[in-house]
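Have a look at the structure below before the remarks.
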Amino acid sequence: MSSPTNHAAFLMERKGHPFKVNTAPIPTLQPYELLIRTHAVAINPCDPIIQSAGVIQETFPGIIGCDLAGSVVSIGSSISNFRIGDRVIAAVESGAFQEYCAADVGMVAKLPASIPYEKGVVLPACLGTAATALFHKREMGLEYPTLEAGVKKNGKVVLVWGGASVVGSCAIQVLKAAGYEVAATASSHNHKYLKEELGVDGEGLVFDYKKDDVVEEILEGLKNSGKEFAGVFCAIIDIPTLTKCAKIADVLGKKDENSRVVGTVVPPNLPWIPSAEDLPKGVRMAFCRFTADLLPHSKLRSQFGWGDEWEANDVGEKIWGKWVTPALESGLLKCKPEPKIVGDGLEKIQDAVNIMSKGVSATKLVVTIP
Numbered sequence: 001m002s003s004p005t006n007h008a009a010f011l012m013e014r015k016g017h018p019f020k021v022n023t024a025p026i027p028t029l030q031p032y033e034l035l036i037r038t039h040a041v042a043i044n045p046c047d048p049i050i051q052s053a054g055v056i057q058e059t060f061p062g063i064i065g066c067d068l069a070g071s072v073v074s075i076g077s078s079i080s081n082f083r084i085g086d087r088v089i090a091a092v093e094s095g096a097f098q099e100y101c102a103a104d105v106g107m108v109a110k111l112p113a114s115i116p117y118e119k120g121v122v123l124p125a126c127l128g129t130a131a132t133a134l135f136h137k138r139e140m141g142l143e144y145p146t147l148e149a150g151v152k153k154n155g156k157v158v159l160v161w162g163g164a165s166v167v168g169s170c171a172i173q174v175l176k177a178a179g180y181e182v183a184a185t186a187s188s189h190n191h192k193y194l195k196e197e198l199g200v201d202g203e204g205l206v207f208d209y210k211k212d213d214v215v216e217e218i219l220e221g222l223k224n225s226g227k228e229f230a231g232v233f234c235a236i237i238d239i240p241t242l243t244k245c246a247k248i249a250d251v252l253g254k255k256d257e258n259s260r261v262v263g264t265v266v267p268p269n270l271p272w273i274p275s276a277e278d279l280p281k282g283v284r285m286a287f288c289r290f291t292a293d294l295l296p297h298s299k300l301r302s303q304f305g306w307g308d309e310w311e312a313n314d315v316g317e318k319i320w321g322k323w324v325t326p327a328l329e330s331g332l333l334k335c336k337p338e339p340k341i342v343g344d345g346l347e348k349i350q351d352a353v354n355i356m357s358k359g360v361s362a363t364k365l366v367v368t369i370p
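Residues 1 to 370 (UniProt numbering) are what the sequence shown spells out, left to right.
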């Protein structure tokens with residue numbers, strides 16, 4: 001049987017435009033990797049930044065992209081819990097924009113047959129980002145979600161700023177599954193989505209972030225909720241927004257507890273976060289290292305100078321290994337927000353990245369790969 005031919009959407013040079021579709025070698029598997037035939041990819045906010053600003057990607061021609069869904073075609077020698085033909089979703093550090101992609105098994109989950117690839121691909125990278133910020137002991141250190149239907153509330157409330165974003169939508173779902181009450185911000189036109197699609201149902205706990213007095217409204221709403229404040233997760237990369245979140249954590253968070261930690265989607269060493277000197281005393285921003293926190297073999301730690309050693313934790317195993325697939329099967333986890341299919345084929349990736357560069361709301365841009 002002859003080997004399949006792979007094609008990829010390449011960045012030909014730093015700040016190169018447009019992507020060029022060409023043949024590519026089939027990735028060589030490490031023992032801990034799966035080879036996946038890609039059937040759908042999703043676009044993330046980092047993709048137009050990587051292309052236009054010339055950051056992160058260091059080798060050219062290069063293949064970027066973090067989200068994919070497809071079927072397993074080859075299995076690394078150390079993997080025993082996947083089979084050829086399994087339908088999966090995966091987050092990778094880079095390289096999703098190709099027909100055959102190698103993915104570390106630590107961020108791969110089986111996709112139920114009832115969920116189309118183009119819906120499943122909404123989740124991977126954003127779910128991993130939210131889970132890292134919410135549950136890693138170095139960050140917010142919250143309680144893990146369970147698989148129980150109608151999980152008992154724990155009497156605590158978490159604010160998710162940017163609840164209609166994909167990361168925010170993932171955060172809301174895992175928090176609710178862990179027993180937390182969720183308060184959330186979004187544009188007023190997305191409040192219905194938060195309430196009806198994600199079940200943010202606490203009285204007076206949905207806020208319009210565009211209002212001038214939104215911080216005061218949030219403080220009043222959370223104080224009147226009767227719930228213990230457990231922290232803020234900010235799904236938005238924006239210094240003024242993070243500063244507002246820090247103020248909320250300062251007023252409501254308890255001294256020397258993680259409720260004074262603001263979970264973020266910002267990697268370390270980037271200038272998109274308030275300096276420590278500008279934060280209220282005792283409030284800390286928790287950086288998000290994405291796969292570097294979840295995967296022992298991550299290349300991001302050395303690439304960005306975060307240290308070569310992996311800080312052992314169980315976030316990946318508890319979320320990706322044990323929770324995602326059964327939660328999808330039961331409907332506890334939904335592929336939200338809904339995808340917007342930009343087109344079919346690697347040639348459409350540039351169109352999708354162009355749309356993302358202008359901003360989207362309560363949707364995930366997806367390209368299907370025949």
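Cβ atoms here follow ideal geometry from the backbone N, Cα and C, with glycine treated the same way.
Am I right that residue i and residue j are in contact with their C-beta atoms under 8 Å? What's the rounded C-beta distance?
| i | j | result |
| --- | --- | --- |
| GLU118 | LEU300 | GLU118 to LEU300, Cβ: 27 Å. No contact. |
| GLU99 | HIS17 | About 22 Å; that fails the 8 Å criterion. |
| PRO48 | VAL367 | Not confirmed; about 14 Å, so no contact. |
| ARG87 | LEU111 | 4 Å |
| CYS101 | THR38 | 5 Å |
| LEU175 | VAL151 | Contact doesn't hold; Cβ gap of about 11 Å is too wide. |
| LYS15 | SER52 | 6 Å |
| ALA362 | ALA164 | 4 Å |
| VAL283 | ALA246 | 5 Å |
| LEU134 | GLY221 | Rounded, the Cβ-Cβ distance is 21 Å, inconsistent with contact. |
| LYS348 | VAL342 | 5 Å |
| PHE10 | GLY62 | 7 Å |
Which word fits residue i, buried or exposed, when buried means at least 16 other C-beta atoms lie within 10 angstroms of its C-beta?
| i | result |
| --- | --- |
| VAL315 | buried |
| MET285 | buried |
| HIS136 | buried |
| THR132 | buried |
| GLY331 | exposed |
| VAL166 | buried |
| MET12 | exposed |
| ASP104 | buried |
| TRP272 | exposed |
| PRO31 | exposed |
| PHE60 | exposed |
| LYS153 | exposed |
| ASP67 | buried |
| VAL55 | exposed |
| GLN350 | buried |
| THR5 | exposed |
| GLN173 | buried |
| THR291 | buried |
Just to confirm, are residue i and residue j a CB contact at a threshold of 7 Å?
| i | j | result |
| --- | --- | --- |
| ALA171 | VAL206 | no |
| GLY231 | MET140 | yes |
| ALA90 | PRO124 | yes |
| ALA235 | GLY128 | no |
| PRO326 | LEU147 | yes |
| PHE229 | VAL160 | no |
| VAL41 | GLY70 | no |
| PRO274 | THR243 | yes |
| TRP323 | MET107 | no |
Tell me whether residue i sits in a helix, a strand or coil according to DSSP, three-state version.
| i | result |
| --- | --- |
| CYS234 | strand |
| SER70 | Residue identity check: residue 70 is Gly in the sequence provided, not Ser. Here GLY70 sits in strand by DSSP. |
| LYS38 | According to the sequence provided, residue 38 is Thr. The question's Lys does not apply to it. It is a strand residue. |
| LYS358 | helix |
| GLU311 | coil |
| LEU222 | helix |
| LEU127 | helix |
| TRP161 | strand |
| GLN98 | strand |
| residue 375 | Missing from the structure shown is residue 375; the chain here goes from 1 to 370 and no further. |
| LYS334 | coil |
| GLU317 | helix |
| GLY150 | coil |
| PRO339 | strand |
| ARG301 | helix |
| PHE290 | coil |
| PHE229 | strand |
Which residues does DSSP list as the beta-bridge partners of residue i?
| i | result |
| --- | --- |
| ASN6 | ALA24 |
| GLY62 | LEU11 |
| TYR180 | Its beta-bridge partners do not exist; DSSP assigns none. |
| ILE75 | LEU34 |
| ARG284 | VAL261 |
| PHE207 | THR185 |
| THR368 | ALA40, ASP344 |
| ALA109 | ILE89 |
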